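2 protein chains.
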Amino acid sequence: MIGVDWGTTSLRAYRIEAGGAVADRLDRPGGILTVPAGCFPDALREAIGPWLAAGETRVLLCGMVGSRQGWVEAPYLRCPAGPAEIAAATIPVPFDGAEVRLVPGLTTEDASGIPDVMRGEETKLVALATRLDDALACLPGTHSKWARLESDRVAHFTTHMTGEVFAAVSQHTILARTSAEGPERPEAFARGVRRAGQPGGLLHHLFGARTLHLMDRLEQAETRSYLSGLLIGHEISAALAETRAAQVDLVGAAGLAALYAEALRIAGVAVRTHDPDLVAAGLHHIGRSLGWT
Amino acid sequence: MIGVDWGTTSLRAYRIEAGGAVADRLDRPGGILTVPAGCFPDALREAIGPWLAAGETRVLLCGMVGSRQGWVEAPYLRCPAGPAEIAAATIPVPFDGAEVRLVPGLTTEDASGIPDVMRGEETKLVALATRLDDALACLPGTHSKWARLESDRVAHFTTHMTGEVFAAVSQHTILARTSAEGPERPEAFARGVRRAGQPGGLLHHLFGARTLHLMDRLEQAETRSYLSGLLIGHEISAALAETRAAQVDLVGAAGLAALYAEALRIAGVAVRTHDPDLVAAGLHHIGRSLGWT
């Protein structure tokens, strides 16, 4: 089978053998934002044509290609959901010469009944869930996801807009003056994480990043790391307050995963880190539930 | 005496009679950011020359003119501080033909020892404190101030970066797509305020403004008001958790004050609103402590 992670800014495709081994892969720009309406079949054929010519007949797509801005909208599937439920909810799309299906995103509601959504992460989580017993997984990023995994399924999850708020606040408020990019400052990051555990609230804590500098208690070159620690610390406090987990399974790019691991350590939580390259394995698990392998 | 509130973007001057009545006033652009280094005396004379020519000899300045970016830096004065302490900490600046002094800003530390600062608001608060018994005052805005007033003095205060975070998040994140300016939507604002009182944390609640819209449970035209309620609600929750006040004295421009009054009502707190035009009265109180009137 062929698995494709087709996101907003990139397309990653995998030729996957029946046992799950990745025989070939490609990674290119050409995210869905570059594809004109009606041109998704051509764009897909352009990317994976050689593998189709070599005999592949089944293609499973995940990511934003299944969103309202993508090829066809694959409606969100309600949690709990694992490979079987997700496979049953995949959406077929017309394509000459191969069976092509879209993986749906997932939806859930928090304790207050407010909806949450993910699209793309469900495929990584399917792969992670099959490797772990019940677990709390954290996928840090622009929109960080915290997911409760139970019996190979995604039982529940919450999103925190941490990465995007960090970018907006560090570039578009008074803190921008002192938040230019530079080397990580681990001690300042740790101060920010610890600060997040104190009373006062995030909106007050943010102003402290300015006043500490004004009072010569935080160097200009430390402010960005302090702010990063503050926001990640608030995310972790809120996520752990909801779940009361003693261990977190962390899936992210190396640099960001290291920051979250340190922040979780400060919060007194055990951490296991995982290779973030999980999409092909997740697509294979869903493909198996479809009877494709 | 002459009182001047000289901020970042504007200059407001008051000719104040001995009893405190404002005999004349002017309000113009020409904030400190428009004044080249070394040109503050000329800029001041240009604004209030006619009043000097008419016999005024004492000028008291407050606001960002006393900051590092202003005329001369007037160091922050530690709380508690009232008219007497502030008068004693004013800074003289050289000026031909009149005695000119700068009002210092105030500083305090929160329960965790993190510093906080204000510059300009102290003058309004001095005026408010003389009219009230002990009170908790809220001055909403870009950097909202919550000040505990005791015995005519500012005993303590905290800053929340609410207005600036609202601007950054509503313009520079995924929420910008649905947060265009439009008429206030009071019901959506109230939903945001109530949401702030639920578990999950601000970074999670922010993402809910997107998912509620995605799930057709919040209209696009409601998103901006919902976001405003969410942030103001978080500010109020944090400020009240610190102080446990049952009543708040609100000082702000009409539109913003109305939003805060509604959010405080939802939070179950009594509100008194005050005319925000307090600077001249505050400058007069400090001038009286200087023996000027």
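Just so you know, the protein sequences line up as chains A and B, in that order.
Heads up, the first sequence is in the working numbering, so the first residue is 1 and it goes up one at a time.
Heads up, the second sequence is in the working numbering, so the first residue is 1001 and it goes up one at a time.
Here a beta-carbon is modelled for each residue, glycine too, at the ideal position from N, C-alpha and C.
In this text the structure is predicted, and so the values were computed from the model without any measurement.
- Proximity of the stretch 141-152 of chain A to the stretch 96-104 of chain A falls short of the contact definition, fewer than three beta-carbon pairs being nearer than 8 Å.
- The C-beta separation of A:Leu231 from A:Phe157 comes to about 19 Å, leaving the pair out of contact by the 8 Å criterion.
- About 7 Å separates the beta carbon of A:Thr223 from that of A:Leu175, a gap short enough to meet the 8 Å contact definition.
- Interface with chain B (8 Å Cβ-Cβ cutoff): A:Asp110 is included.
- If you check each beta-carbon in the stretch 1187-1199 of chain B against every beta-carbon of chain A, the ones closer than 8 Å belong to Arg1195, Gln1198 and Pro1199.
- Counting the other CB atoms within 10 Å of its CB gives B:Leu1033 a total below 16, which places it among the exposed residues.
- Nearest in C-alpha terms to A:Pro92, of all of A:Ala54, A:Val65 and A:Ile236, is A:Val65.
- Contact residues of the stretch 129-156 of chain A toward chain B are His143 (C-beta to C-beta distance below 7 Å).
- Using a Cβ-Cβ cut-off of 7 Å, A:Val117 is close to Thr1211 and Leu1214 of chain B, given in chain order.
- Here B:Pro1115 is buried: its Cβ has 16 or more other Cβ atoms, across all protein chains shown, within 10 Å.
- Of all residues in the stretch 1083-1113 of chain B, only Thr1107, Asp1110, Ala1111 and Ser1112 place a beta-carbon less than 8 Å from a beta-carbon of chain A.
- Chain-ordered listing is empty here: chain B has no CB closer than 7 Å to the CB of A:Gly7, the nearest sitting near 15 Å.
- Ranked by Cα distance from B:His1213, the first of B:Arg1045, B:Val1193 and B:Ala1188 is B:Ala1188.
- Leaving aside the five residues that flank A:Val35 on each side, the residues in its chain whose CB is nearer than 6 Å to its CB run, in chain order, Ala43.
- Listed along chain B, no residue sits closer than 7 Å to A:Gly30 by beta-carbon distance, the nearest being about 22 Å off.
- As summarised for the stretch 23-90 of chain A, the continuous beta strand (DSSP E) elements at least 3 residues long and confined to that stretch are 58-62, given in chain order.
- A:Gly20: not part of any alpha helix (DSSP H); DSSP gives it neither H nor E.
- Note that the C-beta distance between B:Arg1058 and B:Trp1292 is below 8 Å.
- For the set B:His1143, B:Gly1268 and B:Gly1287, the Cα lying nearest the Cα of B:Leu1256 is the one of B:His1143.
- B:Gly1055 and B:Tyr1076 have their C-alpha atoms some 31 Å from each other.
- Residue pairing by DSSP places B:Gln1247 opposite B:Ala1270 in a beta bridge.
- Listed as beta-bridge partners of B:Lys1124 by DSSP are no residues whatsoever.
- At a cut-off of 8 Å between beta carbons, B:Thr1223 makes no contact with chain A.
- Restricting attention to A:Gly201, A:Ser289 and A:Arg194, the CA atom closest to the CA of B:Gly1197 is found in A:Gly201.
- Contact residues of the stretch 1161-1178 of chain B toward chain A are Met1161, Thr1162, Glu1164, Val1165, Ala1167, Ala1168, Val1169, Gln1171, His1172, Thr1173 and Ile1174 (C-beta to C-beta distance below 8 Å).
- Taking a contact to require three or more Cβ pairs closer than 8 Å, the stretch 103-110 of chain A and the stretch 81-92 of chain A qualify as touching.
- With respect to A:Gly30, A:Leu11 sits close: the two C-beta atoms are nearer than 8 Å.
- Around B:His1284, the same chain offers Ile1016 and Gly1020 as residues with beta carbons nearer than 6 Å, after the five sequence neighbours per side are excluded.
- If you check the CB distance, B:Phe1207 and A:His172 do not come in under 8 Å.
- Taking CB atoms only, B:Leu1203 has a neighbour in chain A less than 8 Å away.
- For A:Glu235, the chain B residues whose Cβ falls inside 9 Å of its Cβ are Gly1201, Leu1203 and His1204, in order along the chain.
- Between the stretch 1237-1256 of chain B and the stretch 1268-1277 of chain B, the count of C-beta pairs closer than 8 Å reaches three or more; the two stretches touch.
- Taking a contact as a CB-CB distance under 8 Å, the pair B:Val1154 and B:Ala1081 counts as one, their CB atoms being some 6 Å apart.
- For B:Ala1238, the residues of chain A that pass the 7 Å Cβ criterion are Gly200, Gly201, Leu203 and His204, in the order they occur in the chain.
- Here the alpha carbon of A:Ile2 sits roughly 7 Å from the alpha carbon of A:Ala13.
- Annotation: A:Val117 to A:Leu125 spans about 14 Å, alpha carbon to alpha carbon.
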